[in-house]
Amino acid sequence: MGRRGFAGVLALALLCAGCADVPSGGKAVRVRSVAPGVADADPEVHQLPRPAGPGDTPERVVRGFLAASKSAPDRHAIARTYLAQGVAAGWNDVAATRIVAVSGQRVISGPTSTKVIVTGRYQARLDTDLAYLSDDRPLSITFVLSRSGGQWRITNPPPGVLLPIADFKQVYKPLDLYFLDPGGNTVIPDRRYFDVKQAVLPTEMATRLLAGPSTWLKPGVRTGFPSGTRLRSNVIRDGDVFVVDLTVDVLAASANQQSAMAAQLVWTLAKQFAVNGVRLLADGRPLRVQSTNGEVTRDAYPSFDPRVLTSPVPGYYLSGGSLRTTGQPGAAYPAAPPTAGLRSAAVSADLGWLAAVRPRPGGEELVIGPMGGALTPRLAGRTVSRPSWEPGAGGVIVAVDGRSLIRVSVDGAMSAVTEPGLAALGPVSALVLSRDGVRVALVAGPAGHRRLRLAVLERAGNQISLSGLREVAPSLTDVAAVAWADDGHLLVLARLGGATSTPYGVDVDGFTVAERPTDSLPAFRVGAAAAPGEPDLVEAGGRIWRRQGSFWESPVGVAGTPGGAPFYPG
């Protein structure tokens, strides 16, 4: 493609982009463009990548191709200028996007062609459904360049897009679509990555929502939208609401279904764009949801809130084998002996039930009972992991002997939780259900090499299995503990190449791994707890520590009170 032809294509792409999502009214907005290679002080104005130019060296052609891959308009028109004339039109740029960290280039020159070997690491891939999947492995790609008309151009572009991590973070923004748990009672986030420069972002999000959940999350969720439901037009903003006009297929939904799908739309759009709600239309006419004229707000659906817990909630820990709470400094709760001798424990989200692990001859046993009441033995093994409650306090899931995952109901009924690939990962040392009951975080592997993994809990009648088991945050070399901070984030206690475990905030898909401050926190750290709106808790140096901003303090009233195995309800 020549420079003049490219300029025409680019101008057309920019013109078409400006036509999208034109509002029906409101103030005029000044629109500016920035030429390639020219910086701009306005953070909302994005610099265009530089197209291939005359005299570019092979190294510069490859660097330019990777840098231009972040510009998607007109099927990556700018990136195609770095490709040989007979190759540019046929490059498949719609396969999965690979996110990479490039560490070096090596050039092997020849008389008629040159090879540029790019090395580094793959970090992740962005699937066609815009879901982010960790993919940590070595990167080595050989680009072959030939000279045509005196200019070096790439002849073998790999399928899909190779995007350096810095460019990925600049171009894509994580946003959540919301689907329903199997009971249709709670909205579940499904994180996707959208190009933040596109003018029709609300429309793109609504379209993806109607298309259904990501491949990974699909086995554990459902949607309230009847099959075939589509948008009739772009989503537009009218004052403090988004107007969403759906096809007549939506009228097939029952009243409960309409409430559920309205909750999905409100959580997906209102949460992300700071609007008050959405106005639902069906074939251009108001869709009366909950006896309204179609206008609904997130406040109308508190029962769907994925946070589950009502803040504030007490934090719990064990001291001397007895259950204590950070809400009652230094005092056992409830009083011994019913909870004496415990090694780990979990309280249901409604605060009504206690499940715990205690020693027995030859191993450990799981006991369950009402808070403050007698605890009944339900299961025994050589080792039993800390229990994790299902929503609704119907039962818990534990790992037994590091190999078997078992669901145990409060009345003692047991069923296996299956996952064929689990045995190959090594012993399971921790298992924590998300508070919505759809996802599970696992820590598995031999001592010193425990890895963090995530899976979806799939239910079919009385059968329970794990689906889509995958590694998250592979840079964390040895994981000691994990807890759900909220519906999209984990608190992980792990090593990242060092000798001491450190608390990290980790996105549920592993995109962000952020070290928590450790000022005043002792070095020997073995347990962690988190909950929405509550301070992180860490067991360190034989005591419980609570995070307050950038430092840690003891939450108990008596300095030096020993404690371990912290947790929040759920």
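For the sequence shown, our numbering assigns the number 133 to the initial residue and increments by one for each residue that follows. Virtual Cβ for every residue (Gly too), placed ideally from N, Cα, C. Bear in mind that the values here come from a model prediction, so they are computed numbers and not experimental data.
**Report entry** Secondary structure of M503, DSSP reduced to three states
**Finding:** Position 371 of the sequence shown, counted from the start, is the residue given in the question as residue 503. Looking at M503 - three-state DSSP - the assignment turns out to be coil, as it is neither helix nor strand.
Query raised in the report: Ends of the alpha helix (DSSP H) at E336?
Result: Position 204 of the sequence shown, counting from 1, holds the residue named residue 336. Unbroken alpha helix (DSSP H) run through E336: L333 to A343.
Query - Sheet register partners of G252 (DSSP bridge) - result: Taking the first residue of the sequence shown as 1, we reach residue 252 at position 120. DSSP, once it has assigned bridges, lists V234 and L271 as partnering G252.
Query raised in the report: Can you find at least 3 beta carbon pairs, one from the stretch 287-295 and one from the stretch 215-229, that sit closer than 8 Å?
Result: yes
Query raised in the report: How about L198 and V239: are their beta carbons less than 9 Å apart?
Result: Position 66 of the sequence shown, counted from the start, is the residue given in the question as residue 198. Position 107 of the sequence shown, counted from the start, is the residue given in the question as residue 239. For L198 and V239, no; Cβs fall outside 9 Å.
Query raised in the report: Going along the chain, which unbroken runs of the beta strand (DSSP E) with 3 or more residues stay wholly within the stretch 539-607?
Result: 546-550, 560-565, 571-576, 583-592 and 595-603
**Report entry** Burial state of A646 (16 or more Cβ within 10 Å)
**Finding:** Taking the sequence shown and counting its residues from 1, the one referred to as residue 646 is at position 514. Counting Cβ neighbours within 10 Å, A646 comes out exposed, since fewer than 16 surround it.
Query raised in the report: Can you tell which of V542, A512, S536 and G344 has its C-alpha closest to the C-alpha of M503?
Result: Stepping through the sequence shown from its first residue, residue 503 is reached at position 371. Answer by Cα proximity: V542.
**Report entry** Nearest-angstrom beta carbon gap, G252 and V232 [assumed within contact, 8 Å]
**Finding:** Within the sequence shown, the letter at position 100 stands for residue 232. Within the sequence shown, the letter at position 120 stands for residue 252. Yes, they are in contact, since the Cβ atoms of V232 and G252 sit about 6 Å apart, within 8 Å.
Query raised in the report: Just how far apart, CA to CA, sit T246 and T274?
Result: Counted from its first residue, the sequence shown places residue 246 at position 114. Counted from its first residue, the sequence shown places residue 274 at position 142. One C-alpha to the other measures close to 10 Å.
**Report entry** Top-ranked residue by Cα proximity to N388, from N317, G371 and D381
**Finding:** Position 256 of the sequence shown, counted from the first residue, corresponds to residue 388. Comparing Cα-Cα distances from N388 to each of N317, G371 and D381, the minimum goes to N317.
**Report entry** Residues near G360 by beta carbon distance below 8 Å, same chain, minus five either side
**Finding:** Within the sequence shown, the letter at position 228 stands for residue 360. Answer for G360: T379 and D381, listed in chain order.
Query raised in the report: Applying the criterion that 16 or more other CB atoms from any shown protein chain within 10 Å of the CB defines a buried residue, is D651 buried or exposed?
Result: Start at 1 with the first residue of the sequence shown, and residue 651 comes out as number 519. So D651 ends up on the exposed side.
Query raised in the report: Given that a residue counts as buried once 16 or more other Cβ atoms are within 10 Å of its Cβ, and exposed if not, what is R417?
Result: Locating residue 417 in the sequence shown gives position 285, where the first residue counts as 1. Label assigned to R417: exposed.
Query raised in the report: Does DSSP classify D772 as helix, strand or coil?
Result: The requested residue 772 does not occur in the structure, where the chain is confined to residues 133 to 702.
Requested in this report: Please name the residue, chosen from V194, E191 and L258, that lies closest to F643 on a Cα-to-Cα basis.
Outcome: The residue given as residue 643 occupies position 511 in the sequence shown. The residue with the shortest Cα to Cα distance from F643 is L258.
Requested in this report: Give a yes or no on contact between the stretch 324-331 and the stretch 563-577, applying the rule of three or more CB pairs nearer than 8 Å.
Outcome: no
Query raised in the report: Taking 9 Å as the CB-CB cut-off, is V624 touching chain C?
Result: This model lacks chain C altogether, as it is built from one protein chain only.
Report task. Can you tell me which of the three DSSP states E496 falls into? Result -> What you label residue 496 is simply residue 364 of the sequence shown in a count that begins at 1. Looking at E496 - three-state DSSP - the assignment turns out to be strand.
Requested in this report: Within its chain, find whatever has a CB closer than 8 Å to the CB of P694; leave out the 5 residues flanking it on each side and keep chain order.
Outcome: Position 562 of the sequence shown, counting from 1, holds the residue named residue 694. S451, G452, G674 and R675, listed in sequence order.
Requested in this report: In angstroms with no decimal places, state the Cα-to-Cα distance between P606 and L486.
Outcome: Here residue 606 corresponds to residue number 474 of the sequence shown, with the count starting at 1. Here residue 486 corresponds to residue number 354 of the sequence shown, with the count starting at 1. C-alpha separation (whole angstroms): 33 Å.
Query raised in the report: Does the distance from the CB of S476 to the CB of P446 come in under 9 Å?
Result: Walking along the sequence shown from the start, residue 476 turns up at place 344. Walking along the sequence shown from the start, residue 446 turns up at place 314. Not closer than 9 Å, so no.
Query raised in the report: Do P635 and L628 have their C-beta atoms within less than 9 Å of each other?
Result: The residue you call residue 635 lines up with position 503 of the sequence shown. The residue you call residue 628 lines up with position 496 of the sequence shown. No. Outside cutoff.
Requested in this report: State buried or exposed for G484, treating a residue as buried only when at least 16 other CB atoms are found within 10 Å of its CB.
Outcome: Position 352 of the sequence shown, counted from the start, is the residue given in the question as residue 484. Label assigned to G484: exposed.
Query raised in the report: With a CB to CB cut of under 7 Å and the five nearest residues on each side skipped, what residues in its chain are close to F300?
Result: Here residue 300 corresponds to residue number 168 of the sequence shown, with the count starting at 1. These residues qualify, in order along the chain: I231.
Query raised in the report: Around the C-beta of P351, are 16 or more other C-beta atoms found within 10 angstroms, so that it is buried, or is it exposed?
Result: Position 219 of the sequence shown holds residue 351. Buried.
Requested in this report: Sort K329, P190, I286 and A343 by Cα distance to Y304 and report the nearest one.
Outcome: Stepping through the sequence shown from its first residue, residue 304 is reached at position 172. Taking only the C-alpha atoms, the option nearest Y304 is K329.
Report task. Apply the 10 Å Cβ neighbour rule to R420 and answer buried if 16 or more other Cβ atoms are within range, or exposed otherwise. Result -> By 1-based counting over the sequence shown, the position of residue 420 is 288. It is exposed - the Cβ of R420 has fewer than 16 other Cβ atoms within 10 Å.
Requested in this report: Tell me, to the nearest whole angstrom, how far the beta carbon of P698 is from that of Y449; I am working on the premise that it is less than 8 Å.
Outcome: As a first step, residue 698 must be located in the sequence shown, where it is residue number 566. As a first step, residue 449 must be located in the sequence shown, where it is residue number 317. At roughly 4 Å, the Cβ-Cβ gap stays under 8 Å, so P698 and Y449 are in contact.
Query raised in the report: Residues in its own chain within less than 8 Å of S682 by CB, not counting five upstream and five downstream?
Result: Taking the sequence shown and counting its residues from 1, one reaches residue 682 at position 550. Excluding sequence neighbours, S682 sits near P649 and D651.
Report task. Return the chain-ordered list of same chain residues with a C-beta closer than 6 Å to the C-beta of G157, the five sequence neighbours on each side being excluded. Result -> Against the sequence shown, residue 157 aligns to sequence position 25. Per-residue confidence for G157 stands at a pLDDT of 35, beneath the threshold of 50, marking its modelled position as unreliable; no derived number is given.
Query raised in the report: Could you check where the beta strand (DSSP E) with G659 kicks off and where it finishes?
Result: The sequence position of residue 659 within the sequence shown is 527, counting from 1. From DSSP, the beta strand (DSSP E) with G659 extends over R657 to A661.
Query raised in the report: If you count every other CB in all the chains shown that lies within 10 Å of the CB of Q255, and 16 or more means buried, which is it?
Result: Translated into positions along the sequence shown, residue 255 becomes position 123. Flag for Q255 reads buried.
Report task. Helix, strand or coil for P321, going by three-state DSSP, please let me know. Result -> Counted from its first residue, the sequence shown places residue 321 at position 189. In the structure shown, P321 sits in a strand (DSSP, three-state: E or B).
Requested in this report: For P523, I'd like the list of residues in its chain whose CB is within less than 7 Å of its CB, leaving aside the five on either flank, ordered along the chain.
Outcome: Residue numbering aside, residue 523 sits at position 391 when the sequence shown is read from its first letter. Cβ within range, chain order: V440, A481, R567, D568 and G569.
Query - Alpha-carbon spacing of D415 relative to A612, whole angstroms - result: Counted from its first residue, the sequence shown places residue 415 at position 283. Counted from its first residue, the sequence shown places residue 612 at position 480. Cα-Cα distance, rounded: 54 Å.
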